[in-house]
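Quick notes on the structure that follows.
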Amino acid sequence: MIEPPAPEARTNRRGRRSRQEILDAAARVMSVRGYAGTSMSTLTKETGLPKSAFYHHFESKAGLLSAVMEQGAHAFFDAMREAHRNPPRAAPPTSGSAGTCDGPATSWRTARSSCASCSSS
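Sequential numbering from 974 applies to the sequence shown in our numbering.
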């Protein structure tokens, strides 16, 4: 017979889920409103979780921002590692297409004059 998980295992799983929900909401809201424009009240409305849940997982709003940034950095470096393991195939050159450059440039001026989208501005 399979035993149900211990109460603390359920609590830990629920705690991890609520922490992740808070991080996701904070990342989403802060990306639109900025740090200063994001209140804890807004985040409680976004998640439906009580303020006490936020302070259970994070010491302060600054601590929450730090955790959001840490999670973003981990995701970025994971994606970079994956890109290095499985690099995308190079697309064939699109010489002369609008919005693309015709080749390597030796300086900023050369790049600007050889780029179709730059030389038209």
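C-beta atoms are modelled at their ideal positions from N, C-alpha and C, and glycine is treated no differently.
Item                                                                                              : Value
Span separating the alpha-carbon of Y1028 from that of A1048                                      : 24 Å
Backbone CA spacing between A1078 and V1041 [nearest angstrom]                                    : The predicted model places A1078 with a pLDDT of 48, which falls under 50 and marks its position as unreliable, so this point remains unresolved.
Through-space distance from P1023 to R990, alpha-carbon basis                                     : 14 Å
Separation of A1063 from S1039, as counted between CA atoms                                       : 36 Å
Sequence-distant residues of its chain with Cβ nearer than 7 Å to T1020 (five each side left out) : E994, I995, A998
Length-filtered (4 minimum) alpha helix (DSSP H) runs lying within the stretch 983 to 1052        : 1013 to 1020, 1024 to 1030
Cβ-based neighbour list, M1003, same chain, cut-off 6 Å, excluding 5 preceding and 5 following    : T1011
Cβ pair G988, H1030 closer than 9 Å                                                               : yes
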